[in-house]
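**Q** In this note's numbering, the protein residues as written are 12 to 322. For each residue, glycine too, the CB sits at the ideal point set by N, CA and C. Submitted below is the structure of interest, expressed as structure tokens.
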């Protein structure tokens, strides 16, 4: 079973507009509300791939109750640390192929609540074989909180995909306890290293040669419509994806993490792992719902993903 962790879950609200006007009234008819946060998108896609999953994290208030109700409606098992602090809303405004996001920061957690969750996390690991940790940390948590989780996971021999950014990600990479896989984009790579990284193979190779990434088994650098650049051990790969009609890009990176986690948990060969991750990411962009894929299209688009090993 895969444990999908979301430390700062939300209700994701998507507004679809023909035109977005600043300093004016924008009326919207198409509204979608989803139990969200990056890790819950991951959990939803894992469940749609018919892999066992358990969603966890910290939530509270009426928004937290709504999140649990929505997960239960989707038959996604969950076990959260609950408190009386209101969880957050996150708004995405989709217009003319663009996406404008308004993200609430969420509640501030105490050190005691952080310690309580680490205890719950340790207990939950007794019944799982793989972990995904996604998204931002709640206010109040130390920036090395994900590293603390990695230490607990490593002691139990359970691999972790960490999909975060900024200081929490950097702190997680500074120690000997490394995540099994990470999925930064080019902007996040540049931020981590304090240097400009672009889409050229030479630039990407140079970036991933840095000491910060030593000991990470899988590094998937997402490049949007241009596919991905991947380092697996000592091998580098370029992944090309077909042109597709984008309906809703929100959650496509999370769907990629879900596909990656499922394929790795099933011990699939390298090429199948990479094609699966890219396929689930693509399928998410083709659906209106966030963290949603149509598995009937999986084989068709899986066959269109090209994986090339680079010397």
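Quick check: what's the CA-CA separation for residue 120 versus residue 151?
**A** For the purposes of this step, residue 120 is taken as residue 109 along the chain shown, with counting starting at 1. For the purposes of this step, residue 151 is taken as residue 140 along the chain shown, with counting starting at 1. Computed Cα separation, rounded: 5 Å.
**Q** Measuring from the CB of residue 129, is there a heavy atom of the ligand COA at a distance below 7 Å?
**A** Absence of the ligand COA is noted for the structure shown, with no ligands found whatsoever.
**Q** Can you check which of these residues, 290, 77, 157, is closest to residue 236 by C-alpha distance?
**A** Translated into positions along the chain shown, residue 236 becomes position 225. When each option's Cα is compared against that of residue 236, the closest is 290.
**Q** So is residue 321 buried or exposed if we call it buried at 16+ other beta carbons inside 10 Å?
**A** If you number the chain shown from 1, residue 321 lands on position 310. Classification for residue 321: exposed.
**Q** Per DSSP, what are the beta-bridge partners of residue 180 in this structure?
**A** For the purposes of this step, residue 180 is taken as the residue at position 169 of the chain shown. Answer is none; residue 180 lacks a bridge partner.
**Q** Who are the near neighbours of residue 287 in its chain, counting only those whose CB is closer than 8 Å to its CB and skipping five residues on each side?
**A** On the chain shown, position 276 is the one that residue 287 refers to. Only 270, 271, 273, 274, 279, 313 meet the Cβ criterion.
**Q** Determine contact between the stretch 47 to 59 and the stretch 16 to 33, defined as no fewer than three beta-carbon pairs at a distance below 8 Å.
**A** At 8 Å Cβ cutoff, the stretches touch.
**Q** If I'm right that residue 154 touches residue 179 with Cβ under 8 Å, what's the distance once you round it to whole angstroms?
**A** Counting from one through the chain shown, the residue named residue 154 turns up at place 143. Counting from one through the chain shown, the residue named residue 179 turns up at place 168. Residue 154 to residue 179, Cβ: 5 Å. Contact.
**Q** Enumerate in chain order the residues of its own chain whose CB-to-CB distance from residue 197 is below 6 Å, with the five nearest sequence positions on each side excluded.
**A** Taking the first residue of the chain shown as position 1, residue 197 is located at position 186. Once the five neighbours on either side are set aside, the close Cβ partners of residue 197 are 208.
**Q** Just reading off the alpha helix (DSSP H) that residue 52 is part of, what are its end residues?
**A** By 1-based counting over the chain shown, the position of residue 52 is 41. Looking at the DSSP string, the run of the alpha helix (DSSP H) that includes residue 52 is 49 to 59.
**Q** Are there 16 or more other CB atoms within 10 angstroms of the CB of residue 59, so buried, or fewer, so exposed?
**A** In the chain shown, counting from the first residue as 1, residue 59 sits at position 48. Buried: at least 16 other Cβ atoms inside 10 Å.
**Q** Can you name the residues that DSSP bridges to residue 112?
**A** Indexing the chain shown from 1 puts residue 112 at position 101. According to DSSP, which records beta bridges pairwise, residue 112 is partnered with 103.
**Q** Would you tell me roughly how many angstroms separate the C-alpha atoms of residue 315 and residue 303, rounded to the nearest one?
**A** Position 304 of the chain shown, counted from the first residue, corresponds to residue 315. Position 292 of the chain shown, counted from the first residue, corresponds to residue 303. Cα-Cα distance, rounded: 20 Å.
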